[in-house]
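Residue numbering for the sequence shown follows our numbering, starting at 127 and increasing by one per position.
Reading through the C-alpha cells given below for one structure.
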Amino acid sequence: MQNKFNRSSLKMGVQLLLIVTAAFLVWGCGGSGGGSSYDTAPETNNAPVTGAATNVLIEPATLKAFMDEGLVGKTTDFGANVVILDFGPYVDTETDSMYINGPRIPGACRVKKADLDAVRFEGVGLASPMAPTGAQIDAVIQRLAINENTTIVFTTGSSSYYSTRAYWIFRYWGFPKERLRLLDGGNSAFSTAYPSLMTTAVPTPTASDYSVKDLDGLNNDLRASVGEMIGIIKTLDLPGSTDVVLDARGDGATSGYNGTSATSAQLVSGAVTVFDGHPAGGEALSQGTLFTSGLYKPASDDDTDPTNDLTSLFAAKGWSADKKTTVYCTTGYSATPLFFVLDAMLGADVQLFDGSWSQLGKYSDYAYGGGELPANSDWAIDKYIESLTYNKGEYSRSLLIESLSGLL
Numbered sequence: 127m128q129n130k131f132n133r134s135s136l137k138m139g140v141q142l143l144l145i146v147t148a149a150f151l152v153w154g155c156g157g158s159g160g161g162s163s164y165d166t167a168p169e170t171n172n173a174p175v176t177g178a179a180t181n182v183l184i185e186p187a188t189l190k191a192f193m194d195e196g197l198v199g200k201t202t203d204f205g206a207n208v209v210i211l212d213f214g215p216y217v218d219t220e221t222d223s224m225y226i227n228g229p230r231i232p233g234a235c236r237v238k239k240a241d242l243d244a245v246r247f248e249g250v251g252l253a254s255p256m257a258p259t260g261a262q263i264d265a266v267i268q269r270l271a272i273n274e275n276t277t278i279v280f281t282t283g284s285s286s287y288y289s290t291r292a293y294w295i296f297r298y299w300g301f302p303k304e305r306l307r308l309l310d311g312g313n314s315a316f317s318t319a320y321p322s323l324m325t326t327a328v329p330t331p332t333a334s335d336y337s338v339k340d341l342d343g344l345n346n347d348l349r350a351s352v353g354e355m356i357g358i359i360k361t362l363d364l365p366g367s368t369d370v371v372l373d374a375r376g377d378g379a380t381s382g383y384n385g386t387s388a389t390s391a392q393l394v395s396g397a398v399t400v401f402d403g404h405p406a407g408g409e410a411l412s413q414g415t416l417f418t419s420g421l422y423k424p425a426s427d428d429d430t431d432p433t434n435d436l437t438s439l440f441a442a443k444g445w446s447a448d449k450k451t452t453v454y455c456t457t458g459y460s461a462t463p464l465f466f467v468l469d470a471m472l473g474a475d476v477q478l479f480d481g482s483w484s485q486l487g488k489y490s491d492y493a494y495g496g497g498e499l500p501a502n503s504d505w506a507i508d509k510y511i512e513s514l515t516y517n518k519g520e521y522s523r524s525l526l527i528e529s530l531s532g533l534l
C-alpha cells in the first residue's frame, strides 16, 4: 500500500507540474507580459531592410509584430516597450480635417508641430522653427510614458518629413539609434496593410518621469548653428574641402536654390528673405527623389541607374563616406529625410542646419537689397552665394555682390 501511495503521489505531482508549466508558457506568449517565454523579456530587435546600415527603418509588418508581442502600450516594467509617436501639424479643432482624434494606428500618441518647435535667438536675430528646448522634449516624452526601456516608433499622417523631423529631434537630444524606429510610409502604409486596425481610440498613457537628463548627452554634432553654417559656406568651394552641402528644396524651374523664387521668412507673416540662391559649391537634392510611391528607395542597388538607390543618389551629388554632409531646406523640415537616410540607412556623418534658408537668407549687408547687417559684417554671406537674387525687386538679378558695390 505504501508503494501504491507513493506512485499515485508522484503521478499527481508530475501532472501538476505540467499544468503550471503550461500556464507560464501561455502567459509568456502573448499575455500581459508579452515575450516568447516566461524567462525571456520581450524585445524590439528587427533585421535591417536590405542594404541599410541599421535597423531603424521598419515596415508595417514589423510594427504589427511589436503589437502582437504586447509591446505597444505595455505598462509593466518587465523588459522593453514600444511607444508610437505620431508627429504632424495636428490641431484641436473638431471641424478641421486634421483633427487630432482622427483615425490613427492603434496605440499611437499624437504630437503636434508646436510641441517640438522653438523660437530661438541665434546669430544676430530670432529664428524659427528651431530645435525644441529640453523642457519641451521632456514634456513630450513624459506625457507619452517613454522610459529607459522604450523603443520609439515615429510615424505621421502628413508629409513624410514630419516623422523624420521628429527622428532628428530625438537623435539631437541624445537618443541612440538603437532605441528609435521610423515607419516607412507612415500611417498611410500601415492603414493600407491593416485597414481594419485603424482606430479613433485615443491612448491615455500613464506619465513617466523620464528626462533627457537621463541620456548620455546632447548630440550637438547633429545640428549646425548659423555660425557653423557660415563657416562651412566660406570654405566650401575651396580646393581640399571635405564638406558636402545639400539643399533639399531642389533645383526646379521655380526654386529658391536657383534664385527664381523668394523664400518665405519666418516670424513675420508675408515677409521674404533678403536674397535667394545657394552656396558656391553646394548641391541640390530634392527630398522627393528619395522615395518611390511614398516609400524609401533601397539603400543600395546593383542597377546602373543612379536614381534607383539612395547611395547612388547621394554619390552623384559629391557625397562619400569620408565627407561631412550638412543638409538644409526652407525651415528645417523637408531636409530631414536626407538627414535620416544618411544617419540611419547609410551610417554617414551628417548634420541638419535647422535654421535653413529662412534664417540664412537674411544675412546680408547690402542695404539697397534689403540687408540689415552693418557694411562688411563677418555675418554677411552674399559674396559666397551663386544664382544670387535679391528679393527687394529692383535688384532681382543674378549678380555677384562685388558687382553691386558701385550702386551704394
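Glycine residues also receive a C-beta, built at the ideal position from the N, C-alpha and C atoms.
Computed from a predicted structure; not experimentally measured.
Of the listed residues the options, nearest to residue i (C-alpha basis)
i, options, result
"Ser-419", "Ala-234, Ala-315, Lys-450", "Ala-315"
"Leu-486", "Lys-518, Pro-500, Lys-449, Ile-359", "Ile-359"
"Thr-325", "Ser-289, Asn-313, Ala-240, Ala-244", "Asn-313"
"Ile-263", "Val-209, Ile-278, Leu-183, Ser-337", "Ser-337"
"Met-355", "Leu-372, Leu-341, Asp-342", "Leu-372"
"Tyr-510", "Asp-491, Ser-387, Leu-341, Asp-427", "Asp-491"
"Ser-285", "Asn-502, Ser-460, Thr-332, Pro-500", "Ser-460"
"Val-400", "Ala-388, Val-476, Gly-366", "Ala-388"
"Val-328", "Phe-301, Val-237, Ala-319", "Val-237"
"Ser-438", "Tyr-516, Leu-323, Lys-423", "Lys-423"
"Phe-192", "Arg-269, Val-175, Leu-309, Tyr-216", "Leu-309"
"Leu-242", "Phe-296, Gly-196, Ala-206", "Phe-296"
"Gly-414", "Asn-434, Ser-395, Ser-426", "Asn-434"
"Gln-105", "Gly-283, Gly-214, Ile-231, Lys-339", "One cannot answer for residue 105 here, as it falls past the ends of the chain, which runs 127 to 534."
"Pro-321", "Arg-230, Asp-508, Ile-278", "Arg-230"
"Ala-571", "Thr-380, Asp-335, Glu-498, Gly-353", "For residue 571 there is no data in the structure shown, the boundaries of the chain being 127 and 534."
"Ser-503", "Gly-353, Lys-200, Leu-341, Val-217", "Gly-353"
CB contact flag (residue i, residue j, <8 Å)
i, j, result
"Gly-403", "Asp-363", "no"
"Asn-345", "Ser-513", "no"
"Trp-483", "Val-250", "no"
"Arg-349", "Tyr-298", "yes"
"Asp-212", "Thr-281", "yes"
"Val-209", "Ala-271", "yes"
"Ser-412", "Ala-374", "yes"
"Ala-474", "Ala-447", "yes"
"Ala-240", "Thr-259", "no"
"Glu-274", "Gly-481", "no"
"Arg-305", "Thr-332", "no"
"Lys-583", "Thr-368", "Nothing about residue 583 can be read from this structure; the chain reaches only from 127 to 534."
"Met-471", "Ala-173", "no"
"Thr-452", "Gln-477", "yes"
"Lys-488", "Ala-391", "yes"
"Val-198", "Gly-228", "no"
"Ala-397", "Gly-376", "no"
"Lys-303", "Val-182", "yes"
"Leu-393", "Leu-416", "no"
"Phe-479", "Tyr-454", "yes"
"Gly-82", "Val-370", "The chain is shown from 127 up to 534; residue 82 falls before or after that span and cannot be answered."
"Arg-294", "Thr-180", "Note on identity: in this sequence residue 294 is Trp, with Arg being the wrong assignment. No, Cβ-Cβ distance for Trp-294 and Thr-180 is not below 8 Å."
Assigned secondary structure, residue i (DSSP; H/G/I helix, E/B strand, else coil)
i, result
"Arg-297", "helix"
"Tyr-516", "strand"
"Gln-477", "strand"
"Ala-148", "Since pLDDT at Ala-148 reaches only 36, below the 50 mark, its modelled position is unreliable, and the value read off the structure follows with that caveat. If DSSP states are grouped into helix, strand and coil, Ala-148 belongs with the helices."
"Asp-469", "helix"
"Tyr-510", "helix"
"Glu-248", "strand"
"Cys-155", "Residue placement at Cys-155 cannot be trusted, given a pLDDT of 27 that sits under 50; what the coordinates show is reported in the next sentence. Residue state, collapsed to three classes: coil."
"Val-198", "strand"
"Gln-485", "helix"
"Gly-160", "Per-residue confidence for Gly-160 stands at a pLDDT of 42, beneath the threshold of 50, marking its modelled position as unreliable; the derived number appears in the next sentence. It is coil, neither helix nor strand."
"Lys-450", "strand"
"Tyr-383", "coil"
"Val-338", "helix"
"Tyr-459", "coil"
"Ala-292", "helix"
"Leu-411", "coil"
Where the alpha helix (DSSP H) containing residue i begins and where it ends
i, result
"Asp-264", "260-269"
"Gly-354", "Note on identity: in this sequence residue 354 is Glu, with Gly being the wrong assignment. 352-361 is the extent of the alpha helix (DSSP H) around Glu-354."
"Gly-214", "It is not in any alpha helix (DSSP H) - Gly-214 instead sits in the beta strand (DSSP E) that spans 207-214."
"Leu-439", "436-441"
"Asp-369", "No alpha helix (DSSP H) holds Asp-369; the beta strand (DSSP E) holding it covers 369-373."
"Lys-190", "186-194"
Residue interval of the beta strand (DSSP E) (run including residue i)
i, result
"Ser-254", "251-256"
"Pro-405", "401-405"
"Lys-238", "235-238"
"Thr-276", "276-281"
"Leu-323", "Premise fails: Leu-323 is in no beta strand (DSSP E) and is neither H nor E."
"Arg-307", "306-309"
- Is there contact here, the stretch 238-257 with the stretch 187-197, by at least three beta-carbon pairs under 8 Å? As far as the Cβ criterion goes, the stretch 238-257 does not touch the stretch 187-197, which means the pair count is below three.
- Query: Does the count of Cβ pairs from the stretch 288-302 and the stretch 453-469 closer than 8 Å reach three?
  - Reply: Output reads yes: the stretch 453-469 touches the stretch 288-302.
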